[in-house]
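Just below is one structure, and these are the notes that go with it.
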Amino acid sequence: MLQVHQVSHSYGGSGWRKSKAAAGKVLDNVSFDLEPGCCLGLLGTSGAGKSTLGKIVLGLQKPASGQVTFEGFELYTKGRQGIRKVRRDLQAVFQDCYSAVNPLMTADHIIGEPLRNYERLSPAELKRRTGELLEQVGLAAEDGSKRPSQFSGGQLQRVNIARAIALKPKLIVLDEPISSLDMVHQTLILDLLSELKDSIGLSYLFITHDIQAVMTICDRVAVMDKGQIVYHTDSPSSLPSAEHEAVQRLVSAVLPQHPSLRTSWV
Amino acid sequence: MINKWNKILKGRGTIVFCASVIALFFLVALLAPWIAPHDPIKVDLLSKLQGPSVEHWLGTDHLGRDNLSRLIYGARVSLGFAAMIFVSSLLIGVLVGSISGYAGGWLDSVLMRLCEGIMAFPNLVLVLGIVGIFGPGLMQVLLALMLVQWVYYARICRNMVVSLKERPFIAAARISGSSSWSIIRRHIIPNVQRPIVVMGTLEMGWAIMDISALSFLGLGIQPPNAEWGAMIHEGTAHIRSHPELMIYPGVLILIVVIMFNILGEALSERYGVAKLRR
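In the order they appear, the protein sequences are chains A and B. Take any residue in the first sequence, count from 1 to its spot, add 1: that is its number in this note's numbering. Take any residue in the second sequence, count from 1 to its spot, add 3: that is its number in this note's numbering.
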């Protein structure tokens, strides 16, 4: 479904102000495939290039080199025809639930935006659909008239998820979707995500630094370090025993249940 | 003590008060033909330079014209043209600023260098230059002021758009399939609206001052029409014998400009705009 082929990217200046010195490689020859119905975890510390990769997969950032193909359409061709074809099948949930929504809009407006762009619905029909979506993610249809500042973080992330599933997409890029939430809501959102995955038949690209979340929800895991995929496994539960140094760093960073059980310090 | 005054000055009551005073001025300007007791340009040399009377509440000027009527008609020019400058430069500025900030790259660079070029000149000098080329007259002054004012809106708007553009909800809107135009319309402009309105309120005061200043210099409205700045100018000849001819319009300019300034400050406090500007 999604093929990422030898993608490299670096951030530097743009246009005529481009400076060679500022250019640092963020992604170096990254390749992976994602099959339908699969949840691929992209694990790595901050600065490993995972979010950049997420943007590239979403069609928001043209990579310096390499190809991204989704459902047979290449994303970065001239005129961006490919992106337009796959746009509604490719959605996202971001880390910071508050800045991922326009603070002036109501939840109904936020969730209704993709629907208004792709489906011609009457206002009543639109209202019914957004209400359904709110209920699908565990909120009440009446919450649709609230603004972002009236929601808690966990609730607002549910609004974000409702917007992402509004068009019944095939792939959702989850960019640290639970990192800004407390432990209780992290678990609840993860439950909601795996429930939606089964009921709608979604695929996820789950970008995170949280090894426990990856072990809970993902079918496959790719570990990134310094812009490269350094480790790949089909059984996430075997991650703690992986011998790669980058994986061990993430494993040992997980807080133990009690400080006395801590084996190493990063 | 200062804190207490600050609180009162930026409270809700202040906003209501200033807005009502300004609204009153606009109402008077709008209804001028019905409420002005006399024809503002009718010369009556027999009753020139009179003091206040039942017939002429605020007296008459050196040509025997009714001062009150001239002040009322003058408000039309001062306020009406300031409002026109406000609206038109705001529209141009927001449009150029949004496009510049949103598009980025070379277009942004070109537009912003243009703005900086205009900003590099002192406003009044540039306006004098433009009026010098096209000749005196209200329309020329209007165009000239518009030409120098929109850059401030554009600049502020552009900076806010650049910081807004990086926020994830813009990326989310693009992922939702919104076009660039609808992102600007639905997400960017509503989010820059408040700071721009606050800034516009403060700029309104300046626009009134500029129009009056240019009319004072004889570049704006042409005699015999009434305008506050022009009335001050006419009054200068009689500053020793009849200083009230300058004081009346001067006080009106003062009140309106102060009202706009206090209103702008209070609004910026209320909307928390200082934080938004970064």
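Where is the CB? At the ideal position from N, CA and C, for every residue including glycine.
In this structure tryptophan 153(B) is buried. Its beta-carbon is surrounded by 16 or more other beta-carbon atoms within 10 angstroms.
In the DSSP assignment, methionine 225(A) falls within the unbroken beta strand (DSSP E) covering 221 to 226. Not a single C-beta of chain B is nearer than 8 Å to the C-beta of aspartate 90(A).
If you draw a 10 Å sphere on the C-beta of proline 64(A), you find 16 or more other C-beta atoms in it, and that means buried. A Cβ of chain B is located within less than 8 Å of the beta carbon of arginine 164(A). In the three-state reduction of the DSSP assignment, lysine 26(A) falls in the strand class, which pools E and B.
In terms of beta-carbon proximity, isoleucine 178(B) lines the interface with chain A, with at least one pair separated by less than 8 Å. Of all alpha-carbon atoms in Val252(A), Leu122(A), Arg159(A), Lys26(A), the one lying nearest the alpha-carbon of glycine 139(A) is that of Arg159(A). Exclusion of the five residues before and after leucine 74(B) leaves Leu61, Ala229, Trp231, Met234, Tyr251, Pro252, Leu255 as the residues of its chain whose Cβ lies within less than 8 Å of its Cβ. For the pair glutamine 196(B) and serine 50(B), the Cα-to-Cα distance works out to about 51 Å. With respect to valine 259(B), isoleucine 211(B) sits close: the two C-beta atoms are nearer than 8 Å.
Per the Cβ contact rule, the stretch 176 to 189 of chain B is in contact with the stretch 100 to 119 of chain A (3 or more Cβ pairs under 8 Å).
Taking the Cα positions, aspartate 235(A) is about 14 Å away from isoleucine 212(A).
Across the structure, histidine 41(B) and serine 72(B) are spaced so that their CA atoms are roughly 6 Å apart. In the same chain as glycine 100(B), and ignoring 5 residues on each side of it, the C-beta atoms closer than 6 Å to its own belong to Ala157, Cys160, Arg161, in chain order. A Cβ-Cβ contact shorter than 8 Å links alanine 22(B) with leucine 266(B). Counting along the chain, the unbroken alpha helix (DSSP H) around isoleucine 265(B) starts and ends at 247 to 274. Of the other Cβ atoms in all chains shown, fewer than 16 fall within 10 Å of the Cβ of glutamine 258(A); this residue is therefore exposed.
The bridge partners DSSP lists for glutamine 229(A) are Asp226(A). In its chain, beyond the 5 residues on either side, Asp176, Ile208 have a beta carbon closer than 7 Å to the beta carbon of serine 52(A). Leaving aside the five residues that flank tyrosine 105(B) on each side, the residues in its chain whose CB is nearer than 8 Å to its CB run, in chain order, Val164, Lys168, Ser183, Ile186, Ile187, Ile191. Cβ-Cβ distances below 6 Å link asparagine 161(A) to Val94, Cys98, Ala101 in the same chain, with the five nearest sequence neighbours on each side left out; the list follows chain order. Residue state for phenylalanine 74(A) is assigned as strand, using DSSP reduced to three classes. The beta carbon of serine 100(A) falls within 8 Å of a beta carbon belonging to chain B, placing the residue at that interface. Taking a C-beta distance under 8 Å as the contact criterion, alanine 85(B) and isoleucine 261(B) do not qualify as a contact pair. CA-CA distance, proline 237(A) to tyrosine 274(B), rounds to 49 Å. Serine 47(A) has its alpha-carbon roughly 24 Å from the corresponding atom of glutamine 68(A). In the three-state reduction of the DSSP assignment, tyrosine 105(B) falls in the helix class. CA-to-CA, the gap between methionine 87(B) and glutamate 206(B) works out to about 12 Å. Residue burial annotation: arginine 85(A) is exposed, with fewer than 16 other C-beta atoms found within 10 angstroms of its C-beta. Listed along the chain, the chain A residues whose CB falls inside 7 Å of the CB of proline 171(B) are Phe95, Asp97, Ser100, Ala101. Along the stretch 117 to 143 of chain A, the positions whose C-beta sits under 8 Å from a C-beta of chain B are Asn118, Tyr119, read in chain order.
Cα atoms of proline 37(A) and serine 200(A): separation of roughly 14 Å, rounded to the nearest angstrom. DSSP links tyrosine 205(A) through a beta bridge to Cys40(A), Ile173(A). If you draw a 10 Å sphere on the C-beta of glutamate 114(A), you find 16 or more other C-beta atoms in it, and that means buried.
Listed along chain A is no residue with a C-beta nearer than 8 Å to that of serine 103(B); the closest approach is about 14 Å.
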